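Here the sequence shown stands for residues 748 to 873, numbered as in our numbering.
Structure first, then comments.
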Amino acid sequence: MAALRIEPTEDTPQVILNRETEQFEISGKSLPEDVIEFYHPVLDWMLVYKKEPLNKTIFNFKLVYFNTASSKLILNLLMILEEIQMNGHEVLIRWFSPVTDEDIKEAGEEYGDMMKLKFEHISYDE
């Protein structure tokens, strides 16, 4: 399965989905003009990955900002990861938030409360 890598822009996050290196990460700002178009290849990749996932998937979210439209697509991504877990595979979400950013931290906590996934909340200094 070919890796998916999307380089960041001022308004879009970096995305790294690589089964071979076990790297799964979305980082940066997420406020694309067309959120569906931006996240479409990400969700498509994850739907293929879901068919033959690794025994353990660690997905890192290192977002510094995301808009409401992005939050819905992030939820869709988490739902795919939840399906992977329900099919007997281990999934860990690492939600990184800057120490000074309560909004990102709270968003991660809300996702953690909504999903039946193991969340690790990690604060870091900017």
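Glycine residues also receive a C-beta, built at the ideal position from the N, C-alpha and C atoms.
Bear in mind that the values here come from a model prediction, so they are computed numbers and not experimental data.
Judging by CA-CA distance, which residue of Ala749, Thr815, Glu830 and Ile805 is the nearest neighbour of glutamate 772? Ile805
Rounding to the nearest angstrom, what Cα-Cα distance links valine 838 and isoleucine 831 in this structure? 7 Å
Grab the span of the alpha helix (DSSP H) containing threonine 804 for me, first residue to last. Taken as a continuous stretch (DSSP letters only), threonine 804 belongs to no alpha helix (DSSP H), being part of the beta strand (DSSP E) at 803 to 813.
Spatial neighbours of lysine 809 within its chain, please: C-beta separation below 6 Å, excluding the five flanking residues on both sides. Ser774 and Phe843
Counting C-beta neighbours from all protein chains within 10 Å, is the total for threonine 759 16 or more, i.e. buried, or is it exposed? buried
Can you grab the Cα-Cα spacing for the pair tyrosine 871 / lysine 797, in whole Å? C-alpha separation (whole angstroms): 30 Å.
Within 8 Å, strictly: CB atoms of leucine 790 and asparagine 834: At a Cβ-Cβ threshold of 8 Å, leucine 790 and asparagine 834 do not count as neighbours.
So, leucine 778 versus valine 762, is the Cβ gap smaller than 8 Å? No, they are not a contact pair.
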